[in-house]
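I have placed the structure first, in the form of structure tokens, so that the comments after it can refer back to it.
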Amino acid sequence: MRDRKSLFSQCLPGWITHHESRITFAMLTELIVTGGVVLLLVFLSTIESAYESLSEVSLRILSSEREDSPGRFSFLRELMEHRRRFGLILILGTQLSIVGIAILLADVFIDAGARSPLLLAFVAAFVIVVLFRQLLPRLLTQNRPEDVFWTLLPAFQVFYRLFSVFVAPVTALLNKMRKPEPEQAITEQEDEETKEEIQAFIDVGEEAGIIEESEGELIQSIIEFSDTRVAEVMRPRPQIIAIEATATVADARQLMIESKHSRLPVYRDQIDTIEGIVYVRDLLAFCEADKVSKPVTKCMRPAYFVPESKSIRELLEEMQKAKVQIAMVIDEYGGLAGLVTLEDIIEEILGEIEDEDEATTKDEIIEAEDGSYLVDGGTEIRKIELLYDKELEADDFTTLAGLIINELGHVPAIGEKLDFKGLRFEVVDADSKRVNRVRLSSIGEEATPSQNQSTATSD
Numbered sequence: 000m001r002d003r004k005s006l007f008s009q010c011l012p013g014w015i016t017h018h019e020s021r022i023t024f025a026m027l028t029e030l031i032v033t034g035g036v037v038l039l040l041v042f043l044s045t046i047e048s049a050y051e052s053l054s055e056v057s058l059r060i061l062s063s064e065r066e067d068s069p070g071r072f073s074f075l076r077e078l079m080e081h082r083r084r085f086g087l088i089l090i091l092g093t094q095l096s097i098v099g100i101a102i103l104l105a106d107v108f109i110d111a112g113a114r115s116p117l118l119l120a121f122v123a124a125f126v127i128v129v130l131f132r133q134l135l136p137r138l139l140t141q142n143r144p145e146d147v148f149w150t151l152l153p154a155f156q157v158f159y160r161l162f163s164v165f166v167a168p169v170t171a172l173l174n175k176m177r178k179p180e181p182e183q184a185i186t187e188q189e190d191e192e193t194k195e196e197i198q199a200f201i202d203v204g205e206e207a208g209i210i211e212e213s214e215g216e217l218i219q220s221i222i223e224f225s226d227t228r229v230a231e232v233m234r235p236r237p238q239i240i241a242i243e244a245t246a247t248v249a250d251a252r253q254l255m256i257e258s259k260h261s262r263l264p265v266y267r268d269q270i271d272t273i274e275g276i277v278y279v280r281d282l283l284a285f286c287e288a289d290k291v292s293k294p295v296t297k298c299m300r301p302a303y304f305v306p307e308s309k310s311i312r313e314l315l316e317e318m319q320k321a322k323v324q325i326a327m328v329i330d331e332y333g334g335l336a337g338l339v340t341l342e343d344i345i346e347e348i349l350g351e352i353e354d355e356d357e358a359t360t361k362d363e364i365i366e367a368e369d370g371s372y373l374v375d376g377g378t379e380i381r382k383i384e385l386l387y388d389k390e391l392e393a394d395d396f397t398t399l400a401g402l403i404i405n406e407l408g409h410v411p412a413i414g415e416k417l418d419f420k421g422l423r424f425e426v427v428d429a430d431s432k433r434v435n436r437v438r439l440s441s442i443g444e445e446a447t448p449s450q451n452q453s454t455a456t457s458d
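Throughout the sequence shown, residue numbering follows numbering that gives the first Met the number 0, covering 0 to 458 in sequence.
What follows is the structure in structure tokens.
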């Protein structure tokens, strides 16, 4: 027995132990128990790492594909239904394991006669936690975490049942301490969770090749559809082409031909006072020579008004019920903010819809030979974001001109430049009231708001 102790003590550094006689059977037992607790830590950490690597969709696929093992299948369903208890058990198990390892190591070093047993125990426990709590579990679950999770489920079920006895009262107490959430907040949370699940399905479908990228974008547009407000898709007030109530049918017909619009708002005195909408098909009934001189109000229909805060999903339903194709948008003060058409709403889902005339007459974005773009000032910010695949954080404005004026603090002159979010905006056409045309190019790196610059050049 003494020879064994001598052999073991020779394996320990001289600065750890003073006395060979301190190597005891109890110390060997503590080392073995410590190794067992380390294995438990690896096991629980691997379960946790595998679970965190799985998306909601992966879990659902796993639970539907592995029905050949009813025991594991039912346990997986239980974990998905009691996620809080599952998380608490993992936390409790891993923390107790770490504390247990530290205590056992301290006892081992004390028995070994180490000069600084607590310091050595701390260092050893730290190394063990880094290796066996962080690195090893991630390596084990790096490839196919669902297989690792499924394999470890039976063993974890025993641990889960044992610790549920202690965790169940804590879970019940936490549920009682939680303040009841308003029904609206619960509904919003459920909607958000549903959107996240659908997004996860899209991601998995695209990775597996089941869903094409264009189809994924369409589904994504439908998901975001209900969150979009009318103010985000409407045509702003300065872009509205309308006709005064005192105009004649002939005037309205001529304006429709020039603007290529099939519907015109009718206002009296000022644009805020919208009296109705004239449709081209109603105008056709007044094309006879004796009717073209009549006031346009004779063939107009009542205008449909909506607040700019309304969601476009609700507006679409209302427009379908009211059988209207255009709605006037009012702001919080009752003033005219813009107009929105049925086509604008549909384009929010399907993307831009251009007819023959629009495709040839409206070139909002033209690519130049040097890689820059000539962009119409009224172009929506979201189109610029899609063009350069970056977020411009345009919450207070919807058009390119609005962004430039907001950042500069004034209506810029021709030749004035703005560097913003890694893009350079150079005004090439403007007047005293608006920005008409902008040259847009990338400057390679993002500029912070403090780096934005305005420089005017003169010929």
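The beta-carbon is built from N, C-alpha and C at its ideal position, and this holds for glycine as well. As the structure is a computational prediction, the values presented were derived from the model and not from experiment.
### Task
Identify the continuous beta strand (DSSP E) that holds residue 303 and give its terminal residues.
The residue labelled residue 303 in the question sits at position 304 within the sequence shown. No beta strand (DSSP E) contains residue 303, which DSSP labels as neither H nor E.
### Pairwise C-alpha distance: residue 364 and residue 263
Position 264 of the sequence shown holds residue 263. Position 365 of the sequence shown holds residue 364. The straight-line gap from Cα to Cα measures roughly 26 angstroms.
### Where the beta strand (DSSP E) containing residue 244 begins and where it ends
The residue labelled residue 244 in the question sits at position 245 within the sequence shown. It is not in any beta strand (DSSP E) - residue 244 carries neither H nor E in the DSSP assignment.
### Task
Look up residue 435 in the DSSP assignment and say whether it is helix, strand or coil.
In the sequence shown, residue 435 corresponds to position 436, counting from 1. Strand, per DSSP.
#### Entry: Limits of the alpha helix (DSSP H) - the one that residue 387 falls within
Mapped onto the sequence shown, residue 387 falls at position 388. From DSSP, the alpha helix (DSSP H) with residue 387 extends over 380-387.
### Query
What separation, rounded to the nearest whole angstrom, lies between the Cα atoms of residue 127 and residue 74?
In the sequence shown, the residue the question calls residue 127 occupies position 128. In the sequence shown, the residue the question calls residue 74 occupies position 75. If you take the alpha carbons of residue 127 and residue 74, they lie about 31 angstroms apart.
### Query
Can you tell me where the alpha helix (DSSP H) with residue 274 in it begins and where it stops?
For the purposes of this step, residue 274 is taken as the residue at position 275 of the sequence shown. Careful: residue 274 lies outside any alpha helix (DSSP H), inside the beta strand (DSSP E) at 269-278.
### Query
residue 338 and residue 325: beta carbons closer than 8 angstroms?
Mapped onto the sequence shown, residue 338 falls at position 339. Mapped onto the sequence shown, residue 325 falls at position 326. Yes; because the gap between Cβ atoms is below 8 angstroms, this pair is in contact.
### Query
According to DSSP, what are the bridge partners of residue 365?
To locate residue 365, count along the sequence shown from 1; it is residue 366. Answer is 373, bridged to residue 365.
### Task
Specify whether the segment 264-277 and the segment 298-305 touch according to this definition: at least 3 beta carbon pairs, one from each stretch, less than 8 angstroms apart.
Touching, yes, given that three or more Cβ pairs across the two stretches are closer than 8 angstroms.
### Query
Which two residues bound the contiguous beta strand (DSSP E) that contains residue 28?
As a first step, residue 28 is located in the sequence shown; it is residue number 29 there, counting from the start. No beta strand (DSSP E) holds residue 28; the alpha helix (DSSP H) holding it covers 24-52.
### Message
Once the 5 residues before and after residue 50 are set aside, which same chain residues still bring their CB inside 7 angstroms of it?
### Response
The residue labelled residue 50 in the question sits at position 51 within the sequence shown. Once the five neighbours on either side are set aside, the close Cβ partners of residue 50 are 148.
### Query
DSSP three-state call for residue 127: helix, strand or coil?
Locating residue 127 in the sequence shown gives position 128, counting from the first residue. Helix, per DSSP.
### Query
Between residue 133 and residue 44, what straight-line distance do the alpha-carbon atoms span, to the nearest angstrom?
Sequence index remark: in the sequence shown, residue 133 carries index 134 (1-based). Sequence index remark: in the sequence shown, residue 44 carries index 45 (1-based). Whole-angstrom Cα-Cα distance: 8 angstroms.
### Query
Helix or strand or just coil, what does DSSP make of residue 326?
If you number the sequence shown from 1, residue 326 lands on position 327. Looking at residue 326 - three-state DSSP - the assignment turns out to be strand.
### Task
Determine the DSSP secondary structure at residue 157, reduced to helix, strand or coil.
Taking the first residue of the sequence shown as 1, we reach residue 157 at position 158. In the three-state reduction of the DSSP assignment, residue 157 falls in the helix class.
### Task
Can you have a look at residue 172 and say buried or exposed, based on whether 16 or more other CB atoms are within 10 angstroms of its CB?
Walking along the sequence shown from the start, residue 172 turns up at place 173. Residue 172 comes out exposed.
### Which of helix, strand or coil DSSP assigns to residue 459
Outside the modelled stretch of the chain, which goes from 0 to 458, sits residue 459, for which no answer is possible.
### Task
Give the straight-line distance between the Cα atoms of residue 238 and residue 404, rounded to the nearest whole angstrom.
For the purposes of this step, residue 238 is identified with residue 239 of the sequence shown, where counting begins at 1. For the purposes of this step, residue 404 is identified with residue 405 of the sequence shown, where counting begins at 1. C-alpha separation (whole angstroms): 17 angstroms.
#### Entry: Whole-angstrom distance between residue 47 and residue 82, CA atom to CA atom
Against the sequence shown, residue 82 aligns to sequence position 83. Against the sequence shown, residue 47 aligns to sequence position 48. Rounded to the nearest angstrom, the two C-alpha atoms are 12 angstroms apart.
#### Entry: Counterpart residues of residue 415 in DSSP-defined beta bridges
Walking along the sequence shown from the start, residue 415 turns up at place 416. For residue 415, which the question treats as bridged, DSSP gives no partner whatsoever.
### Query
Over what stretch of residues does the alpha helix (DSSP H) that includes residue 424 continue unbroken?
By 1-based counting over the sequence shown, the position of residue 424 is 425. Premise fails: residue 424 lies in the beta strand (DSSP E), 422-429, not in any alpha helix (DSSP H).
### Task
Return the residue from the list 115, 69, 116, 80 that minimises the CA-CA distance to residue 153.
For the purposes of this step, residue 153 is taken as residue 154 along the sequence shown, with counting starting at 1. Ranking the options by Cα distance to residue 153, first place goes to 69.
### Query
Distance, Cα to Cα, residue 124 vs residue 97?
Against the sequence shown, residue 124 aligns to sequence position 125. Against the sequence shown, residue 97 aligns to sequence position 98. Answer to the nearest angstrom: the Cα atoms are 8 angstroms apart.
### Query
Which residue spans inside the segment 100-153 form an unbroken alpha helix (DSSP H) run of at least 4?
For the segment 100-153, the continuous alpha helix (DSSP H) assignments of 4+ residues that do not extend past its boundaries occur at 116-127, 135-139, in sequence order.
### Task
With a 10 Å radius around its C-beta and 16 neighbouring C-beta atoms as the bar for buried, classify residue 143 as buried or exposed.
As a first step, residue 143 must be located in the sequence shown, where it is residue number 144. When all chains shown are included, residue 143 counts as exposed.
### Query
Are there three or more Cβ pairs, one per stretch, closer than 8 angstroms when the segment 289-296 is compared with the segment 313-327?
no
### Message
Given this structure, state the Cα-to-Cα distance separating residue 441 from residue 80, to the nearest angstrom.
### Response
Your numbering for residue 441 matches position 442 in the sequence shown. Your numbering for residue 80 matches position 81 in the sequence shown. Approximately 49 angstroms between the Cα atoms of the pair.
### Message
Among the candidates 425, 233, 410, 242, whose CA atom is the shortest distance from the CA of residue 336?
### Response
For this step, residue 336 is matched to residue 337 along the sequence shown. Among 425, 233, 410, 242, the Cα nearest to that of residue 336 belongs to 233.
### Message
I need the DSSP call for residue 333, collapsed to helix, strand or coil.
### Response
Numbered from its first residue, the sequence shown carries residue 333 at position 334. If DSSP states are grouped into helix, strand and coil, residue 333 belongs with coil.
### Query
Which residues does DSSP pair with residue 340 in a beta bridge?
Mapped onto the sequence shown, residue 340 falls at position 341. 325, per the DSSP bridge assignment.
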